[in-house]
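*Asks:* Order-wise, the sequence lines are chains A and B.
Okay, so the first sequence: first residue is 13 according to this note's numbering, each after it adds one.
Okay, so the second sequence: first residue is 20 according to this note's numbering, each after it adds one.
Using N, Cα and C, we set each Cβ at its ideal position, and we do this for glycine too.
One structure, as structure tokens, below. Some questions next.
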Amino acid sequence: MIIVNKSKQNPSDIQPSEITSKTVFDHRRQFIKLAASAGLIAGAGLAFKSKAATIANGETTGDGRLIGRANAPAQPTQALKKGEIYNPRQKIKGVKKTAYGKDLELDKYKDITTYNNYYEFGTNKSDPVVQARTFQPYPWTVSIEGEVKKAKTISIDDLMKLTTLEERIYRMRCVEAWSMVIPWVGLPLASLIKWAEPTGNAKYVEFVTANDRESMPGVNSPILDWPYTEGLRMDEAMNPLAILAVGVYGELLPNQNGAPVRLVVPWKYGFKGGKSIVKIRFVEKMPQSTWMKAGPTEYGFYANVNPKVAHPRWSQATERPIGGGLFAGRIKTKMFNGYESEVGQLYAGMDLKKNF
Amino acid sequence: MMDKKHIRIVKVIVWLLASIPLVRLFWLGFHNDLGANPIEFVEHSTGTWALVFLLLSLSMTPIRLLTGQVWQIQIRRQLGLWMFFYACLHIITYVWLDFSFLFDEMINDVFEHPRILVGFAAFVLTIPLAVTSNSYMMKKLKTKWKTLHKLVYLVAILAVLHFLLLVKKDLTEPIYYAVALAILFGIRLYYQAKKKL
């Protein structure tokens with residue numbers, strides 16, 4: 013008998029707005045409020061002065077981050093002063109509620125933001141929340157390359173305005189056999205792809221993520237082949253379930269969750285969701301993802317959640333829901349993480365044991 | 020050389036120190052502070068401490084070889100039993116908290132995945148060591164006791180392997196333990212080779 017009881021911590025009808033006001037998040041770090049503060053904008057301007065004097069509008073560093081910008085960006089994705097710590101706890105305005113996952117019980121904000129796999133910020137799950145503190149996600153640009161009409165870039169502000177942002181409550185199933193329920197805020201990946209105008213040769217989409225030696229301590233050790241990349245087949249990427257997330261719980265993404273923009277594909281194992289994306293490349297051949305290179309027998313391109321195909325070193329038949337406490341037990345893992353009716357047709361006729 | 024009274028004090032101190040990890044788990048559990056995945060936390064914590072006590076118990080002989088001190092041999096049994104204690108908690112966590120006594124799931128897990136099989140084998144091999152750790156069994160088994168307790172070397176290798184097989188990519192932490200074990204084995208082998216010469 014498996015009993016899942018998360019209700020004590022997570023009333024299912026909770027609104028993001030309530031959570032924001034009620035949650036007393038443990039501010040171990042010195043957060044600096046970015047909320048509309050004229051003084052700060054002036055300060056940011058001063059801080060950039062030395063660097064920005066010679067930097068043209070929108071010039072980027074090697075990893076795709078803007079290092080200076082003439083016009084102050086619109087709230088809330090404000091540039092930080094050097095040494096300032098980014099406070100993600102700002103509401104995103106105009107988020108449309110959707111029916112996705114409305115009956116699921118959410119995991120706590122604290123669990124979602126302190127238990128992270130983000131190896132660029134350390135390999136322990138408690139590392140990223142601490143190590144990502146100085147990472148500066150705004151301003152930010154994503155470059156669009158490869159098989160497209162014309163290579164171009166898009167700023168995070170413009171990306172967030174491409175279409176109405178939606179709240180999507182999705183299950184997240186990690187390849188390590190634990191799972192969470194997360195209220196993402198994002199836009200359909202399809203919206204960006206339409207804007208990107210890929211050519212007929214574009215059969216796959218590759219996501220390249222940030223690789224900044226200065227603010228990401230993990231990339232200085234060769235645990236993985238940096239930068240972290242992931243990929244989707246074009247029809248997978250166009251599926252309405254696939255989103256680019258910019259927020260969680262109605263607020264901007266915290267750094268440790270992949271600020272400012274990350275991929276979320278809920279029918280696949282969590283590692284498919286590349287974080288802090290700097291480049292989206294349309295390609296003709298199936299790209300090799302970072303985990304495929306790291307362990308070709310353990311991690312495949314598709315990485316669809318599948319209880320019948322075990323990881324060579326552990327079973328995928330069951331999973332442990334986070335947030336249930338010590339005595340919650342496991343639940344059975346569902347095919348495609350419970351999204352079979354939405355995505356099953358993408359893999360019709362495919363041998364999923366071979367294409368794991 | 021320490022006298023009996025001092026040894027007794029040392030044993031009490033070791034006992035108090037060795038119970039700290041357990042007290043800490045209860046403390047954190049009581050304050051709801053075991054993190055997002057408390058089961059994994061308890062599983063890793065008890066497993067790590069079992070390994071630490073295993074390595075500590077294996078350090079007593081190398082200390083004698085290196086320093087000539089012998090008093091620490093008298094706390095070896097206690098350290099070994101602490102290892103067994105934390106290993107038991109580790110197994111209980113796995114069987115109860117992690118798998119909720121779903122035995123068919125566990126049997127699959129043990130036989131399909133080398134990591135679990137290796138860990139399970141290590142635990143099973145510690146049982147005869149724990150059972151024969153008292154003076155009565157020592158006297159009864161005589162020279163066989165020493166032979167039997169050489170099993171601990173195999174247990175140590177399996178335990179470190181179990182840890183190495185757990186991690187997804189970053190081997191740093193288990194490698195620390197592997198290196199520590201290699202050093203302990205190295206000291207033994209060096210003195211053995213020297214004796215033969």
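Whose Cβ in chain B lies nearer than 9 Å to the Cβ of D123 of chain A?
*Replies:* As a first step, residue 123 of chain A is located in the first sequence; it is residue number 111 there, counting from the start. Per Cβ cutoff of 9 Å: G54, A55, N56.
*Asks:* Output needed in chain order: residues of the segment 122-150 of chain B with a Cβ under 9 Å from some Cβ in chain A.
*Replies:* From the segment 122-150 of chain B, only E124, N127, D128, E131, H132, P133, R134, I135 have a Cβ closer than 9 Å to chain A.
*Asks:* Ordered along the chain, which non-local residues of its own chain (more than five positions away) have a Cβ less than 8 Å from that of I104 of chain A?
*Replies:* What you label residue 104 of chain A is simply residue 92 of the first sequence in a count that begins at 1. So the qualifying residues of the chain are P88, M172, L177, V197, V258, G259, G262, E263, L264.
*Asks:* State yes or no: is the C-beta of F348 of chain A within less than 8 Å of the C-beta of G356 of chain A?
*Replies:* Position 336 of the first sequence, counted from the first residue, corresponds to residue 348 of chain A. Position 344 of the first sequence, counted from the first residue, corresponds to residue 356 of chain A. Result yes, Cβ atoms of F348 of chain A and G356 of chain A sit closer than 8 Å.
*Asks:* What does the Cβ neighbour count give for R274 of chain A, buried or exposed, with the cut at 16 atoms within 10 Å?
*Replies:* Counted from its first residue, the first sequence places residue 274 of chain A at position 262. By the neighbour-count rule (16 or more Cβ atoms within 10 Å), R274 of chain A is buried.
*Asks:* On the DSSP bridge assignment, give the partners of N56 of chain B in chain order.
*Replies:* Working through the second sequence from its first residue, we reach residue 56 of chain B at position 37. Partner(s): none; N56 of chain B has no beta bridge.
*Asks:* Pull up the distance between the alpha-carbon of F147 of chain A and that of M362 of chain A, whole angstroms please.
*Replies:* In the first sequence, the residue the question calls residue 147 of chain A occupies position 135. In the first sequence, the residue the question calls residue 362 of chain A occupies position 350. Between F147 of chain A and M362 of chain A, the C-alpha separation is close to 41 Å.
*Asks:* Assuming P272 of chain A contacts W190 of chain A (C-beta within less than 8 Å), just tell me the rounded distance between them.
*Replies:* Locating residue 272 of chain A in the first sequence gives position 260, counting from the first residue. Locating residue 190 of chain A in the first sequence gives position 178, counting from the first residue. About 26 Å; that fails the 8 Å criterion.
*Asks:* Look at I58 of chain B and R332 of chain A and say whether their C-beta atoms are less than 8 Å apart.
*Replies:* Your numbering for residue 58 of chain B matches position 39 in the second sequence. Your numbering for residue 332 of chain A matches position 320 in the first sequence. In contact: I58 of chain B and R332 of chain A (Cβ atoms closer than 8 Å).
*Asks:* Looking only at its own chain, which residues have a Cβ that is under 8 Å from the Cβ of A199 of chain B, when we skip the five neighbours before and after it?
*Replies:* Within the second sequence, the letter at position 180 stands for residue 199 of chain B. Cβ within range, chain order: L74.
*Asks:* Per DSSP, R180 of chain A forms a beta bridge with which residues?
*Replies:* Counting from one through the first sequence, the residue named residue 180 of chain A turns up at place 168. Paired residues: A:W196.
*Asks:* Am I right that L184 of chain B and V137 of chain B are in contact with their C-beta atoms under 8 Å? What's the rounded C-beta distance?
*Replies:* One-based indexing of the second sequence puts residue 184 of chain B at position 165. One-based indexing of the second sequence puts residue 137 of chain B at position 118. Confirmed, about 7 Å.
*Asks:* Quick one: Cα of V33 of chain B to Cα of L41 of chain B, how far?
*Replies:* Sequence index remark: in the second sequence, residue 33 of chain B carries index 14 (1-based). Sequence index remark: in the second sequence, residue 41 of chain B carries index 22 (1-based). The alpha-carbon atoms of V33 of chain B and L41 of chain B are separated by roughly 14 Å.
*Asks:* To the nearest angstrom, how far is the alpha carbon of Q211 of chain B from that of L144 of chain B?
*Replies:* By one-based count along the second sequence, residue 211 of chain B stands at place 192. By one-based count along the second sequence, residue 144 of chain B stands at place 125. Cα to Cα, the separation comes out at about 25 Å.
*Asks:* In the DSSP assignment, what are the bridge partners of Q275 of chain A?
*Replies:* Counted from its first residue, the first sequence places residue 275 of chain A at position 263. Correcting the residue identity first, residue 275 of chain A is Leu in this sequence and not Gln. A:L256, per the DSSP bridge assignment.
*Asks:* Measuring only between beta-carbons, confirm whether I343 of chain A sits less than 8 Å from chain B.
*Replies:* The count along the first sequence starts at 1 and reaches residue 343 of chain A at position 331. No - not a single Cβ of chain B is within 8 Å of the one on I343 of chain A.
*Asks:* Within 10 Å of its beta-carbon, does H181 of chain B have 16 or more other beta-carbons around it, so buried, or fewer, so exposed?
*Replies:* Counting from 1 along the second sequence, the entry for residue 181 of chain B is found at position 162. Buried, since its Cβ has 16 or more Cβ neighbours within 10 Å.
*Asks:* In whole angstroms, what separates the C-alpha of Y314 of chain A from that of P308 of chain A?
*Replies:* Walking along the first sequence from the start, residue 314 of chain A turns up at place 302. Walking along the first sequence from the start, residue 308 of chain A turns up at place 296. Near 12 Å, if we compare the C-alpha coordinates of P308 of chain A and Y314 of chain A.
*Asks:* Quick one: measure Cβ to Cβ for V277 of chain A and G285 of chain A, integer angstroms, because I've assumed they're closer than 8 Å.
*Replies:* As a working note, residue 277 of chain A is residue 265 in the first sequence. As a working note, residue 285 of chain A is residue 273 in the first sequence. Rounded, the Cβ-Cβ distance is 6 Å, consistent with contact.
*Asks:* Can you name the start and end residues of the beta strand (DSSP E) that L244 of chain A belongs to?
*Replies:* Taking the first sequence and counting its residues from 1, one reaches residue 244 of chain A at position 232. Looking at the DSSP string, the run of the beta strand (DSSP E) that includes L244 of chain A is 241-245.
*Asks:* Run down chain A in chain order and give the residues with a C-beta less than 9 Å from the C-beta of G66 of chain B.
*Replies:* Here residue 66 of chain B refers to the residue found at position 47 of the second sequence. Those do not exist, as G66 of chain B stays about 15 Å from chain A at its closest Cβ, beyond 9 Å.
*Asks:* Taking the alpha carbon of V129 of chain B as the point to measure from, which residue in A:Y351, A:Y240, A:S327, A:L244 has its own alpha carbon closest?
*Replies:* For the purposes of this step, residue 129 of chain B is taken as residue 110 along the second sequence, with counting starting at 1. Checked all of A:Y351, A:Y240, A:S327, A:L244; the closest Cα to V129 of chain B is A:S327.
*Asks:* Give me the subset of the segment 173-204 of chain A whose CB atoms are less than 9 Å from a CB atom of chain B, sorted by chain position.
*Replies:* V187, E188, W190, M192
*Asks:* Between A329 of chain A and the rest of its own chain, which residues show a CB-CB distance below 8 Å, the 5 nearest in sequence each way excluded?
*Replies:* Sequence index remark: in the first sequence, residue 329 of chain A carries index 317 (1-based). Correct list, in chain order: P319, K320, A322, K344, T345.
*Asks:* Assign I126 of chain B to buried or exposed, taking buried as 16 or more other Cβ atoms, counted over all protein chains shown, within 10 Å of its Cβ.
*Replies:* To locate residue 126 of chain B, count along the second sequence from 1; it is residue 107. By the 10 Å Cβ count, I126 of chain B comes out exposed.
*Asks:* Considering V154 of chain A, what are the terminal residues of the alpha helix (DSSP H) in which it resides?
*Replies:* The residue given as residue 154 of chain A occupies position 142 in the first sequence. Counting along the chain, V154 of chain A falls outside any alpha helix (DSSP H), though it belongs to the beta strand (DSSP E) covering 153-158.
*Asks:* Using a Cβ-Cβ cutoff of less than 6 Å, which residues in the same chain neighbour A254 of chain A once the five nearest sequence positions on both sides are dropped?
*Replies:* Here the question's residue 254 of chain A lines up with position 242 in the first sequence. The answer, listed in chain order, is L201, V277.
*Asks:* In terms of residues, what are the limits of the alpha helix (DSSP H) holding Y105 of chain B?
*Replies:* As a working mapping, residue 105 of chain B is identified with position 86 in the second sequence. That run of the alpha helix (DSSP H) goes 95-111.
*Asks:* Roughly how many whole angstroms lie between the Cα atoms of R293 of chain A and V142 of chain A?
*Replies:* Working through the first sequence from its first residue, we reach residue 293 of chain A at position 281. Working through the first sequence from its first residue, we reach residue 142 of chain A at position 130. For the pair R293 of chain A and V142 of chain A, the Cα-to-Cα distance works out to about 31 Å.
*Asks:* How many angstroms separate the CA atom of K365 of chain A from the CA atom of S152 of chain B?
*Replies:* Counted from its first residue, the first sequence places residue 365 of chain A at position 353. Counted from its first residue, the second sequence places residue 152 of chain B at position 133. Distance between the alpha carbons of K365 of chain A and S152 of chain B is about 48 Å.
*Asks:* Can you pull the chain B residues whose beta carbon is under 8 Å from the beta carbon of G106 of chain A, in chain order?
*Replies:* Along the first sequence, read from residue 1 onward, the residue named residue 106 of chain A stands at position 94. Chain-ordered listing is empty here: chain B has no CB closer than 8 Å to the CB of G106 of chain A, the nearest sitting near 30 Å.
*Asks:* At the level of alpha carbons, what is the spacing between L160 of chain B and I146 of chain B?
*Replies:* Indexing the second sequence from 1 puts residue 160 of chain B at position 141. Indexing the second sequence from 1 puts residue 146 of chain B at position 127. Distance between the alpha carbons of L160 of chain B and I146 of chain B is about 16 Å.
*Asks:* Which whole-angstrom value is the C-beta distance of A178 of chain B and A141 of chain B, which I expect to be below 8 Å?
*Replies:* For the purposes of this step, residue 178 of chain B is taken as the residue at position 159 of the second sequence. For the purposes of this step, residue 141 of chain B is taken as the residue at position 122 of the second sequence. Contact holds; Cβ gap of about 5 Å.
*Asks:* Answer yes or no: does any C-beta atom of chain A fall closer than 8 Å to that of L44 of chain B?
*Replies:* Mapped onto the second sequence, residue 44 of chain B falls at position 25. Output row for L44 of chain B: interface = no.
*Asks:* Could you check whether the Cβ of Q42 of chain A sits closer than 8 Å to any Cβ belonging to chain B?
*Replies:* What you label residue 42 of chain A is simply residue 30 of the first sequence in a count that begins at 1. Low confidence applies to Q42 of chain A: its pLDDT is 33, below 50, so where it sits in the model is not reliable, and the reading given next is rough at best. No, no contact with chain B.
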